[in-house]
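Take a look at the structure set out below.
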Amino acid sequence: MTRRRIFGGNGEGQAQIEMAPLIDMVFILLIFFMVATSFVRESGVDITRPQSRTATSIDDGFVPVAVEPNGAVHVAGRKIPPDSVRGIRSVLDETGRKRVLIQADREVPTHLLLKVIDSAKLAGATQVDVAAEAER
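Under our numbering, the first residue of the sequence shown is numbered 135, with each subsequent residue one higher.
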């Protein structure tokens, strides 16, 4: 902050604070916090998760896999076939993560869900979880 002395007619000094450096600092802090914030990665597909009484939340560190009722499977934003081991493996290798979180719609048939779980395990995932909403 820069202080200037302005002398009035009676000889008393008044301190002033310039706002430009203060505003610059606020914008720099805003940019820093925007860049430093980690955003939760979702699958980008609108699904209705099933409910569970034992659902717990997990932190970041997983590869999101979305399964739609029509059979479409999305891994980290890419559409792949349900039994594509190679598609899941490439994302696991790119991210360096070994945990997969399957976000399946509640209308997804069981055989399709199992096919995606098997593909994730064959791709090298050490842990495969299925997302659910906590029951109230």
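Even glycine gets a Cβ: it sits at the ideal position worked out from N, Cα and C.
Counting along the chain, A170 sits inside no beta strand (DSSP E); it lies in the alpha helix (DSSP H) bounded by residues 154-170.
Around the C-beta of F196, 16 or more other C-beta atoms lie within 10 Å, and the residue is accordingly described as buried. Around the beta-carbon of P155, fewer than 16 other beta-carbon atoms lie within 10 Å, marking it exposed. Here DSSP, grouped into helix, strand and coil, assigns K213 to strand. C-alpha of M168 to C-alpha of V264: approximately 30 Å in a straight line. Taking E241 as the centre and dropping the five residues before and after it, the same chain places the C-beta of P203 closer than 7 Å to its C-beta, in chain order. Taken through DSSP and simplified to helix, strand or coil, A265 comes out as coil. P216 is the residue among P216, R223, V234 whose C-alpha sits nearest the C-alpha of V250.
When rounded, the separation of the alpha-carbon atoms in T229 and A210 is 10 Å. Looking at V225, P243, V219, R231, the one whose alpha-carbon comes closest to that of D252 is V219. For I192, no alpha helix (DSSP H) encloses it, and the DSSP letter there is neither H nor E.
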